[in-house]
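Reminder that position 130 of the sequence shown reads as 943 in our numbering, one-by-one numbering, no gaps. The beta carbon of each residue, even a glycine, is placed where N, CA and C say it ideally should be. Read the structure below first, then the notes.
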Amino acid sequence: MDFLTLVKNRYSCRDYQPVGVEQEKMQYLLESVRFAPSAVNRQPWRFRIVASAQDKAKLQQCYNREWFKTAPLYIMASVLHDEEWVRADGKRHGDIDVAIAVEHLCLAATAQGLATCWVCNFDVALCRQLFGLPANEEPTVLIPLGYAADEPKQKVRKPVGEIVGPSDGQ
Ligand SMILES: Cc1cc2nc3c(=O)[nH]c(=O)nc-3n(C[C@H](O)[C@H](O)[C@H](O)COP(=O)(O)O)c2cc1C
């Protein structure tokens, strides 16, 4: 699959088949995450694989949607705030770094015939509490992962002319 086809094939899957993900595919995904770039190469992230029934139930409380419960497993991606690069003007870069790594994961999953969905609209405080996360670790994105049971919808995207430029001060 060429890169643009891969990018266009990734979509937000909101229904999963009740089957697990092969260990080799998990390794492929984690390797794709590991090689993501990050500011000053800090790699300020942690990826927790949430696969036990007990932990899945906890995460489902943090994002209480019926479709979310269909996923066979989740990946909780967190920023490690004590490791992220902070620019001289104070801008923290951990969120950017995690976002890049998460999209690597989503594209790698697509390449492996798997499906994902970015989820940020979850209860972070509850997540911290239920998983007993340390203060430096902020859960940022939840990714349900598995084989799709739904079909991609038509992509709605702004035209190139709307997102490029203006340049030269115009
Ligand atoms: C940063 C971010 C946060 C998102 N959070 C959620 C979410 O909490 N729940 C959800 O159902 N989809 C979420 N999405 C998925 C978007 O709705 C989706 O990517 C967008 O509508 C484009 O559709 P596509 O992914 O199928 O191309 C999120 C996507 C991104 C990039």
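Below 6 Å CB to CB, which residues in the same chain sit around residue i once its five sequence neighbours on both sides are set aside?
i, result
"Asp895", "Asn949"
"Ser825", "Cys930"
"Ala890", "Phe860, Val911, Val915, Thr953 and Val954"
Since residue i sits in a beta bridge, which residues does DSSP pair it with?
i, result
"Ser891", "Arg859 and Pro952"
"Ala961", "Tyr829"
"Val846", "Looking at the DSSP assignment, Val846 forms no beta bridge with any residue, so it has no partner."
"Ala928", "Gly959"
"Arg905", "Val899"
"Leu886", "Leu958"
Just to confirm, does residue i get its C-beta within under 6 Å of one of the non-hydrogen atoms of ligand 1?
i, result
"Tyr887", "no"
"Arg931", "Checking the displayed sequence, the identity of residue 931 turns out to be Trp instead of Arg. Yes, the Cβ of Trp931 comes within 6 Å of a heavy atom of ligand 1."
"Tyr829", "no"
So, for residue i: in the same chain, excluding its five sequence neighbours on each side, which residues have a beta-carbon less than 7 Å away from its beta-carbon?
i, result
"Val834", "Pro885, Leu886, Leu927, Leu958 and Gly959"
"Ala849", "Ile913, Ala914 and His917"
"Lys838", "Gln925 and Leu927"
Below 8 Å on the Cβ atoms is my guess for residue i versus residue j; work out the distance and round it to an integer in Å.
i, j, result
"Thr883", "Ala962", "7 Å"
"Leu943", "Lys871", "4 Å"
Using C-beta distances below 8 Å, list every residue in its chain close to residue i, excluding the 5 sequence neighbours before and after it, in chain order.
i, result
"Asp828", "Trp880, Thr883, Ala961, Ala962 and Asp963"
Can you check whether the CB of residue j is closer than 7 Å to the CB of residue i?
i, j, result
"Arg847", "Trp898", "no"
"Phe935", "Tyr876", "yes"
"Leu842", "Thr923", "no"
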